[in-house]
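Here's the structure, in structure tokens; my notes come after.
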Amino acid sequence: MSASFERAVGVSELDPSIRAGLHRQQIRAIVEVLPIAAAGAIVAALSLVWVAAGTSAFPAVLIWAAALLVSLRRGLTLWRGSVHDGAPGDGTLRAIVTDTLIAGTLWGLVPILLIGQDQATVTLITAVAIAGMLSAGGLILVTLPQAALAFLVPIFLGSLVALTQMQDGATALVLAVLLVCFMAVIILASQRHVRDFVVHRVSEMKISEQNEIISLLLKEFEENSSDWLWEFDCDGRIDRVSERFEAAAGRTRAALVGVDFLAFLQGLGDGNDPVIRGIKTAIADGAPFSDVEIRIGEAPGETWWRMTGKPARDEFGAYRGYIGTASDVTAEKQAERRISFLAHNDALTGLVNRARFTELLKQNVARLERYGSPFAVLYLDLDQFKAVNDSMGHMVGDRLLEMVARRIKNIVRETDIAARLGGDEFALILANECETATVAGLAARLVEDLSSPYQIEGEFVSIGVSIGIAVAPINGIRPDQILRNADLALYRAKAEGRGAYRFFEAQMDSDLRERRMLEAELRQAIAENELVLHYQPLVSAEDNRPSGFEALVRWNHPIRGLVPPSEFIPLAEQSGLIKQIGDWTIEAACAAATVWPGDLNVAVNLSARHFQLSDIVSVVRDALDKTGLPPHRLELEITESLLIENPDEVIEKLNRIQALGVTVAMDDFGTGYSSLAYLLKFPFDKIKIDKSFVTASSEDAVARDILRSIVSLGRTLKIHITAEGVETLEQVEFLREIACNQLQGFYFAKPLEELDLAGYVLANAATRFDARADDAAGAQPRTGATG
């Protein structure tokens, strides 16, 4: 092919490697039809030999035919060899062009030899043979223009020379014009065909090269990525299967190739129908899809794939199928589920957490508003859990909460909602069958089952549960109102002894409003110094002489008058105001005692809640320092309930108080279960016998025996014994008989206001003075009598 022709068809601008590949394909295209062309040439040659017989040109035609056969044989060998030797070089191309030039020259001699015979038959057959050679050469050698020109030009020139030898000049001229036109058509058609051939073959080679590069890149992608590739053809059947695809699908390449892609996806697992329909719609529309998640198998062993795909098209825009990637996102899905679970569930128990419970409560309220569907809310609070958690440690406490949650799950129905609101508080929503009898039965079972002992690390732990119940819409139609009313019912259950359930009642709401108003007034009372102290005498059992006073707090309400502590101390303990009241009581009692005679002590009863909330040691020390009261004149009374929770910590604080010189007494002795054990753990200075024993001693012999035992125990342990609640002379005489040290009660005096206290002390001063004078006179020798 000439340089100008190569430029015309765009070959000269190609990369050398592509040009070499193109030349090989050009030669291969010719070689594929070369045997047929050779057979046609032999038939044409034999026809010419036959027609030349009997003419003067016959010997020359025979020699020509022999030369043509040699040329054909050599040409077949050369052409086939050029295909098997790899990409043809310039030398091979020159040899091919030379061979076609020789063949064309041989055929160009035919018209010179035969047309000059001036025989019509010879001329006609020769003309047909030459026309056939020109056509066949143009068609067969069209993919290699260099060879086509080398073959056609000698034939064309030989034909023109032969036409000049014809005697009929007009016929020769017409034939010459036709020959030129025929030759021009062949050359132009060949040029157009070879241009299309070059474009097509070059495109194929570029695509092949790109595919090889893409294959290498895809292989590298699969080797260095957790994703894998998939591809299906225009019929929707899988045709690309990587090793990672095989491993993920759990099938061999042979089992995957040719399988319908959508059918393969549908067989991966249940629950993917909407996803598969979305992919099917995208494929039908020829649209891409991305980040489609497909579940494989069932929980808990399920896995998840994330797939992305887009349509694949060739360089002409024809649809070839889809290609995409997939990855295993099981770990990511599990992490998402864990995050979602922790966002809506309690990490320790697995129950719904407070935030999710609030959402579900709102949903039930919305269902109530729309469909009128009633529901019940149960508010649960564990009894004695704090004591277990503090005494046995938080790990045991956590185990206990887990076991409580499991029992709740076993009791409630699948349609019920169980939640842990925090700490030892739980809640339930009963959305179906929330009749009073049904809810009461469930609550009773909860109280019974949750109160059964728990075995943790070889030890049995016992707790209880109190439950408050509110039913919507009877007890409220707003989420906060329903939950608040359940909480009010819970408060009533705990106030009435715990270990029970209570339904909300309207009176509870009234009680709450009254309690809140009372709390606000109590805060104001503390701020405006409306609290006062009254003092009840503590007298010696031996001679009824006062040895001190117990300070008792009262609220001097501007409207209600004097409010007893039983009406506001429980509220103060619940609201935390007891800390301020208790701290004030200690300091005020110490200040009052400083103006009393030096042999009178002051006793203050400490609330367990005050002891927990306040830095009690510092409060006592500061009160003594501020008022100047000698420590031995202050007595602090505690109840056994204070020692139940964190006994070691409480005893440590009591030791520090005792180290200040302050007397520590156990109040209400005999009413608890472990009083004797606590006497051994801490050296109390005084025991105050509960008034129930004193009251019963008038008629109950057992109560009298208990009192004798307690007094005997006090003497053994060298502990001062005080009996409270003394109201009759009979009780006084009995307690004096059994050698009780100190008495307290209405028999001697009711609690006195501070103004009355001075009169009481003065009234009893003469008694004390006369008693001391009598004691002194009895001790002197009777000298006057002997005088």
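The numbers in our numbering rise by one with no breaks, and the one at position 264 of the sequence shown is 325. Cβ coordinates follow ideal geometry from the N, Cα and C atoms, glycine included. Owing to the predicted nature of the structure, the values given are computational and were not obtained by experimental measurement.
- For residue 755, the enclosing alpha helix (DSSP H) starts and ends at 752-757.
- Rounded to whole angstroms, residue 632 and residue 390 show a C-alpha spacing of 57 Å.
- If you draw a straight line from the Cα of residue 552 to the Cα of residue 795, it is about 43 Å long.
- Residue environment for residue 134: exposed (fewer than 16 other C-beta atoms within 10 angstroms of its C-beta).
- If you ignore the 5 residues before and after residue 783, its C-beta comes within less than 8 Å of the C-beta of 599, 726, 747, 748, 749, 750, 801, 802, 803, 804 and 805, all in its own chain and listed in chain order.
- Pairing residue 708 with residue 786, the inter-Cα distance amounts to about 28 Å.
- Sorting 167, 246, 715 and 238 by C-alpha distance to the C-alpha of residue 742 places 715 at the top.
- DSSP places residue 389 in the strand class (E or B) of the three-state scheme.
- A Cβ-Cβ separation of about 13 Å leaves residue 109 out of contact with residue 216 under the 8 Å criterion.
- Apart from the 5 residues on each side of it in sequence, residue 758 sits with its Cβ closer than 7 Å to the Cβ of 764, 765, 768, 792 and 795 in its chain, given in chain order.
- By the Cβ neighbour-count rule, residue 303 is buried, with 16 or more other Cβ atoms within 10 Å of its own.
- CA-to-CA, the gap between residue 112 and residue 378 works out to about 56 Å.
- Linking residue 519 to residue 353 through their CA atoms gives a straight-line distance of about 52 Å.
- Taking the Cα positions, residue 540 is about 7 Å away from residue 426.
- Under the DSSP assignment, residue 301 falls in the beta strand (DSSP E) whose first and last residues are 299-302.
- DSSP places residue 791 in the uninterrupted alpha helix (DSSP H) bounded by 790-798.
- In the DSSP secondary-structure assignment, residue 703 is not bridged to any residue.
- Residue 638 carries a coil assignment under DSSP once its states are collapsed to helix, strand and coil.
- Judged by DSSP secondary structure, residue 611 falls outside any alpha helix (DSSP H) and instead within the beta strand (DSSP E) spanning 607-618.
- For residue 227, there is no enclosing alpha helix (DSSP H), since its DSSP letter is neither H nor E.
- A distance of 9 Å or more separates the beta carbons of residue 671 and residue 712.
- Across the set 723, 612 and 309, the C-alpha of 612 shows the shortest separation from the C-alpha of residue 813.
- Rounded to the nearest whole angstrom, the C-alpha separation of residue 488 and residue 550 is 13 Å.
- By the C-beta density criterion, residue 249 is exposed, having fewer than 16 other C-beta atoms within 10 angstroms.
- Per DSSP, the unbroken alpha helix (DSSP H) holding residue 459 starts and ends at 455-472.
- Fewer than three pairs of CB atoms, one per stretch, sit closer than 8 Å, so the region 444-454 makes no contact with the region 394-402.
- DSSP places residue 116 outside any beta strand (DSSP E), giving it a letter other than H or E.
- For residue 190, the closest alpha carbon among the candidates 211, 206 and 171 is that of 171.
- Between the alpha carbons of residue 608 and residue 781 lies a gap of roughly 13 Å.
- With a cutoff of 9 Å on beta-carbon distance, residue 194 and residue 102 are scored as near each other.
- With contacts defined as CB atoms closer than 9 Å, residue 317 and residue 306 qualify as a contacting pair.
- Under the three-pair Cβ rule at 8 Å, the region 504-512 does not count as touching the region 408-419.
- For residue 441, the uninterrupted beta strand (DSSP E) run begins and ends at 436-444, by DSSP.
- Per DSSP, residue 531 is one residue of the beta strand (DSSP E) stretching across 525-533.
- Around the CB of residue 730, 16 or more other CB atoms lie within 10 Å, so the residue is classed as buried.
- Per the Cβ contact rule, the region 647-656 is not in contact with the region 615-634 (fewer than 3 Cβ pairs under 8 Å).
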